[in-house]
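Chains as they are written, first to last, in the working numbering: chain A, 1 to 274; chain B, 1001 to 1237; chain C, 2001 to 2260.
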């Protein structure tokens, strides 16, 4: 076997192992029991939403597309469910083109249906508008200039959900759940101009980038990836996709750690030989 | 002059204007910011339409020259057309057939076309997004889940002190993010939080400082006309 | 739960597309390429529709046509709002100027638009970035080390952050030659960055695996009887197709001994 063939075969074996580490815990999900995890940065967001009086307005910027859907959707579903249970008024928006389709509208309509909330009264969904920072800046001045109509072309000014709200300065909380630069934009433009408490949710890939903003209190809390979503599901006592997904997640993490250990053993044996 | 100096002047005036705008809390200044941002948003919309030009051009050339794999470009055009038809057809039908009663019952022979605006649930474009675009996007990125395991096996070696630190931090985070960490030892989640909030915060903050300085320097270069790459090409006269 | 025929069709489509892309894990093949190009085409079409229906039509053409109608004395269904005025011609003109980018003769006209966008964005960005990313970040870095509510552990951490920020900045400060004390401090900076990158890698593993979990969960669901074993059947079909294509390509190129 040539070196190249050995490389390919090893790769296929690893791919096969990963597939098994994912599929077996998915199939036997209900037989696996794992303890819950918790973290301060996630709980901060929960505590803030919990502390808001009924009818307070919050805005959720859903800035990811199907490529990060599996990771971030459970997070938004849990947050939105919590907000609806607290009878908050929620404005949903996006500065990400592809989120306007399946993601934003789909999540909002699904959760709203389950929580029996009414479009235009308890929540509103804004259409996608390009210009990211320009949109956020407009929101901090005049929300109706940015969004004169919702995604169904209904006039936003006439909606009860916007009563008493002129800009994001009047909102009690803004939450950006993003797979790209949206959190940065919200920190620099939204938080600086809007001054409202800001929370962030992001993919695991980006989570470490935002820790400096937690210490500086520019972010109230941070939810990084599926693990954070699972923690939130525990907090709101509504376990779902994220909690279930933590089982294969645990197994595959263990597999990767074992692979790293084996790789290092091979490396040290080879080094000693040479 | 009109080709070079005026664009530089526009950048200078707009840049200085909006730096000053930040410090002027007057309503007029706020309206200016909102108004100009709305223009930027509209220009952004037009530029999205333009972005398609290079894609269309590239695949058109592929088909015209019958380069190997040109059939794939044809498939690209078919799918592109399909999404366009799904998006525009309901509106065109509404426009021509029922101009006064948009959204009302369509004429019978056209009833197979759902007259739902393209960005609403139930519309054909929405369906294409959910069942055509969505699975592709989700799968493309999920593949990295497989490659990352292979990369961890091959490249994650404790070759030096620096590499060992990287490896240990990664393993602690992998353990701490899942219940496995606390099952092994209660202290792992605490160490993970400490890594995030102390060494990671310090490193990321310094990197942010660097990026910010770069952003400011770049912005100033644009305003003062030192950065001229946006004038494009070699003809900058 | 009853599964509708439409849901079954959607599942079969999704499984087909998912497996076409996953076939790349074996090696690059025509089925993966087909999926890739379909994806590009559909996304591009979606992008055009999005730009048109979300911005160009409702924020530019519709309000402008209302403005002109009102100037021509036509009665409008509702009065003009303060955002609906002739100033909308400015973004329209700037947008059209951008179109000239593709013309060798008139391309220079697009510079006006780019100058407008970049100048404005730079002017807006400078004060906000300085405030958000410099001042606000500087503050917690230079926190007091001692005080009434400050524990010894907090003091240590504040010091560690300060040392980290300074040493990483020194590492990136290329104007200074990295030797002597500077070299030592820069090395500490490297240690901090390695820990941070390690943490980012650990988190990235979680992120990428959760996407794979999501996909696999759906494939497992669609492998069930309700969906007529879509995942299993299509896995066999796609594997068979790839094998067939490979055999055909080997026949046409007998001398080629390439492996994946």
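The beta carbon of each residue, even a glycine, is placed where N, CA and C say it ideally should be.
In this text the structure is predicted, and so the values were computed from the model without any measurement.
Item checked: CB contact below 9 angstroms: residue 2060 of chain C versus chain B -> Looking up residue 2060 of chain C in the third chain gives position 60. Judged by the 9 angstroms Cβ criterion, residue 2060 of chain C is in contact with chain B.
Check: Hey, how far is the Cα of residue 1169 of chain B from the Cα of residue 2217 of chain C?
Finding: For the purposes of this step, residue 1169 of chain B is identified with residue 169 of the second chain, where counting begins at 1. For the purposes of this step, residue 2217 of chain C is identified with residue 217 of the third chain, where counting begins at 1. Within the model, the alpha-carbon separation for residue 1169 of chain B versus residue 2217 of chain C is close to 29 angstroms.
Next item on the list: Please say whether residue 1050 of chain B and residue 1087 of chain B have beta carbons closer to each other than 9 angstroms?
Entry: The count along the second chain starts at 1 and reaches residue 1087 of chain B at position 87. The count along the second chain starts at 1 and reaches residue 1050 of chain B at position 50. Going by C-beta atoms, residue 1087 of chain B is not nearer than 9 angstroms to residue 1050 of chain B.
Note to self: Going by beta-carbon coordinates alone, are residue 2204 of chain C and residue 227 of chain A separated by less than 9 angstroms?
What the structure shows: As a working mapping, residue 2204 of chain C is identified with position 204 in the third chain. As a working mapping, residue 227 of chain A is identified with position 227 in the first chain. For the pair residue 2204 of chain C and residue 227 of chain A, the CB atoms are not nearer than the 9 angstroms cut-off.
Next item on the list: Return the residues of the region 1191-1214 of chain B that lie within a Cβ-Cβ distance of less than 8 angstroms from chain A, sorted by chain order.
Entry: Within the region 1191-1214 of chain B, the residues whose Cβ lies closer than 8 angstroms to some Cβ of chain A are 1193, 1196, 1197, 1200, 1201, 1204, 1205, 1208, listed in chain order.
Next item on the list: Figure out for me which residue from B:1147, B:1193, B:1219, B:1038 has the closest Cα to the Cα of residue 18 of chain A.
Entry: Position 18 of the first chain, counting from 1, holds the residue named residue 18 of chain A. Checked all of B:1147, B:1193, B:1219, B:1038; the closest Cα to residue 18 of chain A is B:1147.
Notebook entry, point to check: When the Cα of residue 1014 of chain B is compared with those of C:2173, C:2116, C:2015, which residue comes out closest?
Noted result: Counting from one through the second chain, the residue named residue 1014 of chain B turns up at place 14. Cα-wise, what sits closest to residue 1014 of chain B is C:2116.
Margin query: Our contact map puts residue 1223 of chain B next to residue 2123 of chain C with C-beta atoms below 8 angstroms; I'd like the distance itself, whole angstroms only.
Written below: Here residue 1223 of chain B is taken as the residue at index 223 of the second chain, counted from 1. Here residue 2123 of chain C is taken as the residue at index 123 of the third chain, counted from 1. Going by Cβ atoms, the distance from residue 1223 of chain B to residue 2123 of chain C rounds to 7 angstroms, so yes, they are a contact pair.
Next item on the list: Taking 9 angstroms as the cut-off, decide whether the C-beta atoms of residue 2096 of chain C and residue 1052 of chain B are in contact.
Entry: Position 96 of the third chain, counted from the first residue, corresponds to residue 2096 of chain C. Position 52 of the second chain, counted from the first residue, corresponds to residue 1052 of chain B. Contact: no.
Margin query: Going by beta-carbon coordinates alone, are residue 1135 of chain B and residue 2013 of chain C separated by less than 9 angstroms?
Written below: Within the second chain, the letter at position 135 stands for residue 1135 of chain B. Within the third chain, the letter at position 13 stands for residue 2013 of chain C. Taking 9 angstroms as the Cβ cut-off, residue 1135 of chain B and residue 2013 of chain C qualify as a contacting pair.
Margin query: Against chain C, does residue 1088 of chain B count as a neighbour if the rule is that its beta carbon must be under 9 angstroms from one of theirs?
Written below: Residue mapping note: residue 1088 of chain B aligns to position 88 of the second chain, counting from 1. For residue 1088 of chain B, the answer is yes, since a Cβ of chain C falls inside 9 angstroms of its Cβ.
Notebook entry, point to check: Does the count of Cβ pairs from the region 1204-1215 of chain B and the region 193-213 of chain A closer than 8 angstroms reach three?
Noted result: yes
Next item on the list: Kindly indicate if chain A contains any beta-carbon less than 9 angstroms away from that of residue 1228 of chain B.
Entry: For the purposes of this step, residue 1228 of chain B is taken as the residue at position 228 of the second chain. Not an interface residue.
Next item on the list: Compare the C-beta of residue 1048 of chain B with all C-beta atoms of chain A and state if any pair is closer than 9 angstroms.
Entry: On the second chain, residue 1048 of chain B is found 48 positions in, with the first residue counted as 1. At least one beta carbon of chain A lies nearer than 9 angstroms to the beta carbon of residue 1048 of chain B.
Check: Taking any Cβ of chain B, which residues in the region 125-137 of chain A have a Cβ under 7 angstroms from it, in chain order?
Finding: 127, 129, 130, 131, 134, 135, 137
Item checked: Cutoff 7 angstroms; reference residue 2084 of chain C; Cβ partners in own chain excluding five residues on either side -> Counted from its first residue, the third chain places residue 2084 of chain C at position 84. Only 2063, 2066, 2067 meet the Cβ criterion.
Margin query: 9 angstroms is my cut-off, CB to CB: does residue 237 of chain A come that close to chain C?
Written below: Locating residue 237 of chain A in the first chain gives position 237, where the first residue counts as 1. It does not; no Cβ of chain C falls within 9 angstroms.
Check: What is the rounded straight-line gap between the Cα of residue 2050 of chain C and the Cα of residue 2043 of chain C?
Finding: The sequence position of residue 2050 of chain C within the third chain is 50, counting from 1. The sequence position of residue 2043 of chain C within the third chain is 43, counting from 1. Just so you know, the alpha carbons of residue 2050 of chain C and residue 2043 of chain C end up roughly 10 angstroms apart.
Notebook entry, point to check: Among C:2054, C:2006, C:2011, C:2003, which has the Cα closest to the Cα of residue 2230 of chain C?
Noted result: Stepping through the third chain from its first residue, residue 2230 of chain C is reached at position 230. Of the listed residues, the one whose Cα sits closest to residue 2230 of chain C is C:2011.
Next item on the list: Count the other CB atoms, across all protein chains shown, that sit within 10 Å of the CB of residue 1001 of chain B; report buried if there are 16 or more and exposed otherwise.
Entry: Locating residue 1001 of chain B in the second chain gives position 1, where the first residue counts as 1. Per the 10 Å Cβ criterion, exposed.
Check: Can you find a C-beta in chain C that's less than 9 angstroms from the C-beta of residue 68 of chain A?
Finding: Position 68 of the first chain, counting from 1, holds the residue named residue 68 of chain A. For residue 68 of chain A, the answer is yes, since a Cβ of chain C falls inside 9 angstroms of its Cβ.
Next item on the list: Let me know the secondary structure DSSP gives residue 1158 of chain B once reduced to three states.
Entry: The sequence position of residue 1158 of chain B within the second chain is 158, counting from 1. Note: residue 1158 of chain B maps to coil in three-state DSSP.
Next item on the list: Answer yes or no: does any C-beta atom of chain C fall closer than 9 angstroms to that of residue 1100 of chain B?
Entry: Counting from 1 along the second chain, the entry for residue 1100 of chain B is found at position 100. Reliability of the predicted coordinates at residue 1100 of chain B is poor, the pLDDT of 49 falling under 50, and the value obtained from them is presented with this limitation in mind. Not an interface residue.
Checklist line | the region 121-132 of chain A / the region 86-102 of chain A touching (three or more Cβ pairs under 8 angstroms) | finding: yes
Checklist line | Buried/exposed call for residue 5 of chain A, threshold 16 Cβ in 10 Å | finding: Counting from one through the first chain, the residue named residue 5 of chain A turns up at place 5. Exposed is the label assigned to residue 5 of chain A, since fewer than 16 other Cβ atoms lie within 10 Å of its Cβ.
Margin query: Against residue 2193 of chain C, what residues of chain B qualify as contacts under a CB-to-CB distance less than 7 angstroms, listed in chain order?
Written below: The residue given as residue 2193 of chain C occupies position 193 in the third chain. The contacting residues are 1203.
Next item on the list: Compare the C-alpha of residue 1200 of chain B against each of C:2196, C:2219, C:2164 and name the closest.
Entry: The count along the second chain starts at 1 and reaches residue 1200 of chain B at position 200. Selected option, being the one with the closest Cα: C:2196.
Notebook entry, point to check: If we ignore side chains and look at the alpha-carbon of each, how far apart do residue 1213 of chain B and residue 2252 of chain C end up?
Noted result: Taking the second chain and counting its residues from 1, one reaches residue 1213 of chain B at position 213. Taking the third chain and counting its residues from 1, one reaches residue 2252 of chain C at position 252. Going by the C-alpha atoms only, they are around 58 angstroms apart.
Note to self: Considering just the uninterrupted stretch of the beta strand (DSSP E) at residue 1061 of chain B, what are its terminal residues?
What the structure shows: To locate residue 1061 of chain B, count along the second chain from 1; it is residue 61. Premise fails: residue 1061 of chain B lies in the alpha helix (DSSP H), 1027-1064, not in any beta strand (DSSP E).
Note to self: Between the alpha carbons of residue 1100 of chain B and residue 1094 of chain B, how many angstroms are there, rounded?
What the structure shows: Walking along the second chain from the start, residue 1100 of chain B turns up at place 100. Walking along the second chain from the start, residue 1094 of chain B turns up at place 94. Per-residue confidence for residue 1100 of chain B stands at a pLDDT of 49, beneath the threshold of 50, marking its modelled position as unreliable; no derived number is given.
Check: Does the beta-carbon of residue 1011 of chain B have 16 or more other beta-carbons within 10 angstroms, so that it is buried, or is it exposed?
Finding: One-based indexing of the second chain puts residue 1011 of chain B at position 11. Residue 1011 of chain B is buried by the Cβ-count criterion.
Notebook entry, point to check: Are residue 235 of chain A and residue 82 of chain A close, meaning C-beta to C-beta below 9 angstroms?
Noted result: In the first chain, the residue the question calls residue 235 of chain A occupies position 235. In the first chain, the residue the question calls residue 82 of chain A occupies position 82. By the CB criterion at 9 angstroms, residue 235 of chain A and residue 82 of chain A fall inside the cutoff.
Next item on the list: Check each candidate in A:70, A:187, A:63 and name the one with the smallest Cα separation from residue 225 of chain A.
Entry: Taking the first residue of the first chain as 1, we reach residue 225 of chain A at position 225. That would be A:70, whose Cα lies nearest to the Cα of residue 225 of chain A.
Item checked: Identified DSSP bridge partners for residue 57 of chain A -> Along the first chain, one-based indexing puts residue 57 of chain A at 57. In DSSP, residue 57 of chain A forms a bridge with A:89.
Item checked: Span separating the alpha-carbon of residue 1209 of chain B from that of residue 194 of chain A -> Along the second chain, one-based indexing puts residue 1209 of chain B at 209. Along the first chain, one-based indexing puts residue 194 of chain A at 194. Rounded to the nearest angstrom, the two C-alpha atoms are 23 angstroms apart.
Notebook entry, point to check: What first and last residue would you give for the alpha helix (DSSP H) that runs through residue 100 of chain A?
Noted result: Stepping through the first chain from its first residue, residue 100 of chain A is reached at position 100. First-last for residue 100 of chain A: undefined, no H or E at that position.
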